[in-house]
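Residue numbers (the UniProt record's numbering): 1 to 156.
Below is the structure:
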């Protein structure tokens with residue numbers, strides 16, 4: 001008997017949901033409210049002086065019969081549109097990594113538009129590898145990443 005994996009579907013839906021919420025950098029965590037009920041808390045904090053974000057918390061509860069109990073307690077973090085070096089500087093990146101690690105995510109999803117120059121790809125991803133996410137770090141490329149060098153660098 002083959003066990004159906006819900007993780008790819010669940011992560012894809014969450015990534016789609018989170019990417020539609022804002023064009024600014026965001027953190028999204030999933031916390032169980034009760035069996036089969038999950039609360040998405042989207043919170044944004046100021047991570048650098050030049051890259052201020054919304055300072056409010058919005059919660060979304062959702063239920064679906066196909067979400068297995070194994071997801072109880074799963075914590076998901078989402079970041080997007082960092083534009084490293086043009087908007088998010090090194091101090092802001094370090095603050096972001098600290099904020100992510102304080103929330104102890106199980107998985108980190110990254111929604112693209114990571115950097116503003118080929119020379120920043122490797123240092124950015126090296127820094128992001130410091131995020132402690134036991135189930136992994138997953139990302140997709142944004143339109144700015146396709147237009148620059150991320151594709152060449154990450155395919156190697």
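Glycine included, each C-beta is placed from N, C-alpha and C at the ideal position.
Next on the checklist: Starting from residue 97, trace the alpha helix (DSSP H) in both directions and tell me its first and last residue.
Outcome noted: Its alpha helix (DSSP H) spans residues 90 to 102.
Checklist entry - Quick one: what does DSSP say residue 70 is sitting in, helix, strand or coil? => result Residue state, collapsed to three classes: helix.
Item to check | residue 107, buried or exposed, once every other Cβ within 10 Å from all chains shown has been counted against 16 | outcome: It is buried - the Cβ of residue 107 has at least 16 other Cβ atoms within 10 Å.
Next on the checklist: With a threshold of 8 angstroms on Cβ separation, who are the neighbours of residue 136 within its own chain once the five nearest residues in sequence on each side are excluded?
Outcome noted: The answer, listed in chain order, is 107 and 108.
Item to check | Contact under 8 angstroms by Cβ, residue 88 with residue 131 | outcome: Between residue 88 and residue 131, the CB-CB gap reaches or exceeds 8 angstroms.
Item to check | DSSP-derived helix/strand/coil call for residue 133 | outcome: Three-state DSSP puts residue 133 in coil, outside helix and strand.
Next on the checklist: Comparing C-alpha positions only, which one of 134, 65 and 145 sits nearest to residue 104?
Outcome noted: When C-alpha distances from residue 104 are compared across 134, 65 and 145, the shortest belongs to 134.
Item to check | Own chain, CB closer than 6 angstroms to residue 112, minus 5 neighbours either side, in chain order | outcome: Correct list, in chain order: 140, 141, 142 and 145.
Checklist entry - What is the rounded straight-line gap between the Cα of residue 82 and the Cα of residue 115? => result Taking the straight line from one Cα to the other gives about 7 angstroms.
Checklist entry - Relative to the alpha-carbon of residue 120, which residue among 84, 92 and 94 has its alpha-carbon at the smallest distance? => result Checking every option, the nearest Cα to that of residue 120 belongs to 84.
Next on the checklist: Going by DSSP, what residue range makes up the alpha helix (DSSP H) through residue 128?
Outcome noted: If you look at residue 128, you'll find it in the alpha helix (DSSP H) that goes 121 to 128.
Checklist entry - Roughly how many angstroms separate the alpha carbons of residue 126 and residue 70, rounded to a whole number? => result Computed Cα separation, rounded: 31 angstroms.
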